[in-house]
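Below: the structure, in structure tokens.
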Amino acid sequence: MGSPVPGAEGTPLAAASSTSPGLRPPTRRSTELFMLAFAAMLVTGALILVEANQEQELSLRILWLGLAYLGLLTVAHLAVRKWAPYADPVIMPCVALLNGLGLVMIHRIDLAMADVKLPGDRVWSAAAPKQVLWTAIALVLFCTVLKVLSDHRTLARYGYTFGLLGLVALVLPGVLPGFIAPEINGAKIWLSFGAFSIQPGEFAKILLMVFFAAFLVSKRDLFTIAGRRVLGLDLPRARDLGPLIAAWAVGVSIMVLQKDLGSSLLFFGIVLVLLYVATERAVWVVLGVMMFCVGAFVAWKLFTHVQVRVQNWLDPFADPSGAGYQIVQSLFGLGTGSMFGAGLGGGRPDQIPEANTDFITAVIGEELGFVGLAAVLMIYMVFAMRGLRGALAVRDTFGKLLGGGLAFAVAFQIFIVVGGVTKLIPMTGITAPFLSYGGSSLLANYILVALLLRISDAARAPKSTPKPRPQQPAIADQFTVMVERPK
Amino acid sequence: MNTPLRRVGLAMMAMMLLLLGNATYVQVIKADDYRKDPLNRRVILDQYSRERGQIISADSVPLAGVEKTNDRLRYLRTYPNGPAFAPVTGYFSTIYGTGGMERAEDDLLNGSDDRLFARRVSDLITGRDPKGGSLQLTIDAKLQQVAYERLNGVTGTVVAIRPQTGEILAMVSTPSYDPNALASHDVDAQEEAWTSFDADKSKPMLNRSVHESYPPGSTFKLVVTAAALAEGKTKESEVDGRPVITLPGTNTPLPNFNDTTCGNGVTASLEEALSKSCNTAFAVLANELGVEKLRDQAAKFGYGEPDLSIPLSVVPSTLGPIADKPSIYQTGIGQKDVRVTPMVNAMMAATIANGGVRMQPHLIGKVLAPDLQVISETDPDEVDEAMDPDDAIALRDMMIKSENNTGGGGKLSGVTIASKTGTAEHGEDVKSTNPHAWYVAFAPAEKPEIAIAVIVENGGQQGLSATGGRVAAPIGRSVIGAYLGGR
Numbered sequence: 009m010g011s012p013v014p015g016a017e018g019t020p021l022a023a024a025s026s027t028s029p030g031l032r033p034p035t036r037r038s039t040e041l042f043m044l045a046f047a048a049m050l051v052t053g054a055l056i057l058v059e060a061n062q063e064q065e066l067s068l069r070i071l072w073l074g075l076a077y078l079g080l081l082t083v084a085h086l087a088v089r090k091w092a093p094y095a096d097p098v099i100m101p102c103v104a105l106l107n108g109l110g111l112v113m114i115h116r117i118d119l120a121m122a123d124v125k126l127p128g129d130r131v132w133s134a135a136a137p138k139q140v141l142w143t144a145i146a147l148v149l150f151c152t153v154l155k156v157l158s159d160h161r162t163l164a165r166y167g168y169t170f171g172l173l174g175l176v177a178l179v180l181p182g183v184l185p186g187f188i189a190p191e192i193n194g195a196k197i198w199l200s201f202g203a204f205s206i207q208p209g210e211f212a213k214i215l216l217m218v219f220f221a222a223f224l225v226s227k228r229d230l231f232t233i234a235g236r237r238v239l240g241l242d243l244p245r246a247r248d249l250g251p252l253i254a255a256w257a258v259g260v261s262i263m264v265l266q267k268d269l270g271s272s273l274l275f276f277g278i279v280l281v282l283l284y285v286a287t288e289r290a291v292w293v294v295l296g297v298m299m300f301c302v303g304a305f306v307a308w309k310l311f312t313h314v315q316v317r318v319q320n321w322l323d324p325f326a327d328p329s330g331a332g333y334q335i336v337q338s339l340f341g342l343g344t345g346s347m348f349g350a351g352l353g354g355g356r357p358d359q360i361p362e363a364n365t366d367f368i369t370a371v372i373g374e375e376l377g378f379v380g381l382a383a384v385l386m387i388y389m390v391f392a393m394r395g396l397r398g399a400l401a402v403r404d405t406f407g408k409l410l411g412g413g414l415a416f417a418v419a420f421q422i423f424i425v426v427g428g429v430t431k432l433i434p435m436t437g438i439t440a441p442f443l444s445y446g447g448s449s450l451l452a453n454y455i456l457v458a459l460l461l462r463i464s465d466a467a468r469a470p471k472s473t474p475k476p477r478p479q480q481p482a483i484a485d486q487f488t489v490m491v492e493r494p495k
Numbered sequence: 009m010n011t012p013l014r015r016v017g018l019a020m021m022a023m024m025l026l027l028l029g030n031a032t033y034v035q036v037i038k039a040d041d042y043r044k045d046p047l048n049r050r051v052i053l054d055q056y057s058r059e060r061g062q063i064i065s066a067d068s069v070p071l072a073g074v075e076k077t078n079d080r081l082r083y084l085r086t087y088p089n090g091p092a093f094a095p096v097t098g099y100f101s102t103i104y105g106t107g108g109m110e111r112a113e114d115d116l117l118n119g120s121d122d123r124l125f126a127r128r129v130s131d132l133i134t135g136r137d138p139k140g141g142s143l144q145l146t147i148d149a150k151l152q153q154v155a156y157e158r159l160n161g162v163t164g165t166v167v168a169i170r171p172q173t174g175e176i177l178a179m180v181s182t183p184s185y186d187p188n189a190l191a192s193h194d195v196d197a198q199e200e201a202w203t204s205f206d207a208d209k210s211k212p213m214l215n216r217s218v219h220e221s222y223p224p225g226s227t228f229k230l231v232v233t234a235a236a237l238a239e240g241k242t243k244e245s246e247v248d249g250r251p252v253i254t255l256p257g258t259n260t261p262l263p264n265f266n267d268t269t270c271g272n273g274v275t276a277s278l279e280e281a282l283s284k285s286c287n288t289a290f291a292v293l294a295n296e297l298g299v300e301k302l303r304d305q306a307a308k309f310g311y312g313e314p315d316l317s318i319p320l321s322v323v324p325s326t327l328g329p330i331a332d333k334p335s336i337y338q339t340g341i342g343q344k345d346v347r348v349t350p351m352v353n354a355m356m357a358a359t360i361a362n363g364g365v366r367m368q369p370h371l372i373g374k375v376l377a378p379d380l381q382v383i384s385e386t387d388p389d390e391v392d393e394a395m396d397p398d399d400a401i402a403l404r405d406m407m408i409k410s411e412n413n414t415g416g417g418g419k420l421s422g423v424t425i426a427s428k429t430g431t432a433e434h435g436e437d438v439k440s441t442n443p444h445a446w447y448v449a450f451a452p453a454e455k456p457e458i459a460i461a462v463i464v465e466n467g468g469q470q471g472l473s474a475t476g477g478r479v480a481a482p483i484g485r486s487v488i489g490a491y492l493g494g495r
């Protein structure tokens with residue numbers, strides 16, 4: 009789909025000098041390389057500290073981990089250089105740092121868990137090598153998306169297809185029998201193939217976002233013009249809003265029924281933000297939040313597992329060794345870490361359950377302290393803000409909507425997971441993008457990064473580059489807000 | 009569309025601020041509460057994984073050390089030759105806490121003691137792992153080992169003190185236990201060991217030297233004699249010598265051992281009464297002296313001291329209420345309610361040996377920093393002038409005579425021992441309960457280097473026919489011989 013961007017063939021610098029060098033904005037790829045090297049340095053330092061503190065000699069294993077990480081970084085950088093030369097130079101280093109730090113923490117948790125007696129004489133199987141493998145697969149996917157998708161607007165054409173695929177992906181674990189879709193930790197959201205298992209919901213999140221963005225862009229004028237006024241509120245016609253509400257409702261209810269509360273909250277929030285950005289009307293947010301409150305109250309009334317979560321949130325110490333165990337251990341870890349942390353390798357991640365997935369930020373908070381946790385949050389913040397900047401700068405509405413949605417998705421996901429482990433909001437099982445151990449999360453998030461890079465590339469690439477314009481509804485074009493960067 | 013996107017950006021920042029604010033609350037404000045929560049196992053795990061200081065004997069034999077392990081506690085506490093030294097070292101268990109010196113000097117050994125403060129600060133700056141301080145005890149490892157071997161097969165104790173300084177040279181209690189089993193990192197092995205020690209009727213974990221008190225029997229006659237000498241009596245003073253008397257106001261006869269007569273059958277010299285251990289003489293003498301003087305003299309030897317600490321706490325020795333006349337008579341021969349710890353009996357011997365000056369008994373010779381530099385040394389501490397020096401010499405001479413009159417094996421040639429034996433009746437039915445066998449002594453009598461107290465509970469293998477001379481004296485003599493011969 010889509011034809012390659014002419015300027016992207018060959019080395020971009022050569023292409024730039026062949027035309028008019030003065031007018032071409034710098035690609036900033038070298039800046040990216042420099043920052044990637046910095047990220048690699050930080051990660052290597054962290055890895056050495058972990059090994060030193062755990063009193064293990066510097067074994068070949070860490071060499072292997074480190075080299076794999078460096079190799080993956082190089083591939084990612086070269087792919088961006090080749091296929092998205094004008095992409096934001098900060099995004100990739102942020103991802104590399106988070107991914108690398110995640111690998112170090114997962115390796116560190118492996119070291120801790122190797123000493124722990126698991127019930128039934130099971131042996132802890134190291135997760136770090138698997139995570140490296142997943143990262144490699146994710147990067148292949150990342151490169152494929154960058155290569156194949158030379159213009160993000162192509163996606164808008166397949167909006168409904170993606171929407172349908174997303175819903176199918178969501179529903180699949182729920183309807184398939186237990187041997188292929190087992191229930192893990194009370195949630196039936198996994199597809200398991202022998203040793204590997206994936207969580208289709210992670211991909212559904214992106215597929216549905218593409219659908220919503222495409223749908224909203226094509227219908228946004230109808231929402232504001234063709235609606236009726238009810239109680240001083242401009243409501244769109246049912247047939248305009250129908251598919252959106254239907255997909256949203258189906259999506260959220262599937263996740264709720266699968267007891268995947270974190271994902272449903274995430275998904276709900278993303279759609280609300282997309283709706284708000286597309287219509288520019290805050291009333292949707294107000295309505296949505298009211299709906300959320302009603303829905304949450306009903307869910308609390310109906311489902312005991314929701315009541316348990318809320319109870320644990322209000323007073324985890326009421327049942328510190330039972331239902332509140334996870335959050336209590338997480339708080340102990342964070343509290344013991346205090347301001348500056350116990351040091352890498354100096355904490356007790358074996359005390360925190362699900363340390364390498366949902367609670368990995370608690371382990372970081374324990375070993376690197378508040379300072380380290382804040383730094384990690386800041387990296388996420390920079391990442392999301394850079395994504396948002398690409399969305400602000402890109403010229404087409406679909407790109408704006410999708411880019412804004414993707415950036416928000418990362419920030420909101422971090423809010424849900426870190427808010428959960430620090431007892432700001434009730435704990436819902438959800439992964440921290442790039443940090444947590446888990447194949448599907450990593451794959452989906454690398455796709456997300458590819459899309460964000462593609463959008464920011466489109467935003468920063470010189471306008472003169474001729475690009476094939478995909479057919480878009482004329483009415484949508486009229487409402488496109490054209491923003492030119494001053495440079 | 010850019011305005012709502014910017015607002016989304018603001019919302020993302022607000023979420024991050026919320027997370028940071030909450031993380032500050034958890035990791036800075038509430039940190040101490042969480043860290044110190046008893047449910048938080050980190051603090052204790054930390055303590056157990058820190059390199060604990062050593063305990064070494066006066067002759068630098070390691071009594072408790074650490075061995076590096078690969079599990080998460082990192083250091084295994086080891087007790088080379090554990091059972092012989094267990095009453096001194098105590099144990100160090102991850103489940104059951106600590107005992108003995110491990111408990112008394114826990115702060116020093118785990119490194120949190122104020123005496124190590126400066127070193128802790130420098131550790132913090134230089135990034136060294138904090139280590140605990142070490143202890144050099146006053147225990148003579150060879151002597152302790154000999155005493156432990158001599159007590160093999162019986163229930164009892166040996167306490168040896170250097171009279172001039174109060175240094176405790178040996179403190180043995182049998183049967184003993186292996187503290188290595190309690191220090192095991194295998195939780196199940198620890199539990200099994202603890203349960204078996206706890207269920208054992210012979211109470212292997214009881215340190216009988218300081219935590220158990222016994223009727224002193226005839227060894228109490230030293231207290232009565234000391235009180236009499238202080239009242240102006242001499243070796244030649246005439247005391248009651250009848251073979252049997254009747255306790256005043258009752259029909260209960262109080263006979264001498266084996267119904268022997270003392271002196272001419274009516275009176276005897278104090279020296280003869282003590283050396284032959286005449287019951288009648290001391291019963292009447294005690295009555296003559298009165299309760300006050302008895303208590304006074306006993307207190308000077310260390311009876312009734314409520315918080316005697318070496319630094320293991322020593323249970324107080326007591327004379328009991330002495331409510332009536334017959335009680336005084338019985339108290340005079342160390343029966344009725346008189347209870348003494350082997351430690352206090354050894355202190356009494358040491359005090360007589362030291363010319364009547366009582367020195368504070370102590371186990372700690374030197375406190376050492378982690379790098380084995382001496383932090384502090386225990387100076388000999390004079391507690392009391394228990395006897396006039398001349399009286400002490402008179403009493404010593406009487407004890408030399410007593411030693412000569414005492415049977416039992418293991419007499420030493422070439423060295424003069426001053427001693428007193430005791431055969432203490434106890435239990436509901438005294439005639440059918442095996443008596444405890446006592447031996448308190450010091451040597452060489454002219455220039456004492458060691459004072460000891462030996463008790464063999466229930467007469468050991470000798471049963472009803474046990475006497476202090478037959479059962480305890482050979483053990484005591486061989487311990488003295490080993491000490492004096494070893495130099």
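As they're listed, the protein sequences go chains P and Y. Residue 9 is where the first sequence starts when you use our numbering, and the numbers rise one by one after that. Residue 9 is where the second sequence starts when you use our numbering, and the numbers rise one by one after that. Glycine residues also receive a C-beta, built at the ideal position from the N, C-alpha and C atoms.
Any Cβ of chain P within less than 7 Å of the Cβ of residue i?
i	result
arginine 50 of chain Y	yes
glutamine 35 of chain Y	yes
proline 46 of chain Y	no
arginine 7 of chain Y	Residue 7 of chain Y cannot be examined here, being either before or after the span of chain Y that is shown, 9 to 495.
alanine 197 of chain Y	no
tyrosine 42 of chain Y	yes
Can you tell me which of the three DSSP states residue i falls into?
i	result
isoleucine 425 of chain Y	coil
arginine 161 of chain P	coil
threonine 52 of chain P	helix
glutamine 35 of chain Y	helix
phenylalanine 219 of chain P	helix
serine 181 of chain Y	strand
aspartate 304 of chain Y	helix
proline 29 of chain P	The pLDDT assigned to proline 29 of chain P is 49, lower than 50, so where the model puts this residue is not dependable; a value taken from the coordinates is nonetheless given after this. Proline 29 of chain P: coil per DSSP, three-state reduction.
lysine 76 of chain Y	strand
aspartate 387 of chain Y	coil
proline 46 of chain Y	coil
alanine 95 of chain P	coil
Short of 7 Å in beta carbon distance, which residues of its chain neighbour residue i, apart from the five on each side in sequence? Order them along the chain.
i	result
threonine 143 of chain P	Leu80, Asn107, Leu450
glycine 416 of chain Y	Gly477, Arg478, Ala481, Pro482
glycine 497 of chain P	No answer is possible for residue 497 of chain P: it lies beyond the span of chain P, which begins at 9 and ends at 495.
Give every residue of the same chain whose Cβ lies closer than 6 Å to the Cβ of residue i, excluding the five residues on either side of it in the sequence, and list them in chain order.
i	result
glycine 489 of chain Y	Leu420
tyrosine 311 of chain Y	Ser325
Let me check one thing: in DSSP terms, what residues is residue i bridge-paired to?
i	result
glutamate 175 of chain Y	Y:His370
threonine 227 of chain Y	Answer is none; threonine 227 of chain Y lacks a bridge partner.
glycine 508 of chain Y	A question about residue 508 of chain Y goes unanswered here, because the residues of chain Y that appear run from 9 up to 495.
Please check if any C-beta of chain Y sits within less than 7 Å of the C-beta of residue i.
i	result
methionine 299 of chain P	no
glycine 437 of chain P	no
arginine 4 of chain P	The structure shown does not extend to residue 4 of chain P, since chain P is modelled only from 9 through 495, so no value can be given for it.
Apart from the five residues just before and just after residue i, which ones in its own chain have a Cβ nearer than 8 Å to its Cβ?
i	result
proline 12 of chain Y	none
Between the region 187-200 of chain Y and the region 237-245 of chain Y, do at least 3 Cβ pairs fall closer than 8 Å? The region 187-200 of chain Y is not in contact with the region 237-245 of chain Y.
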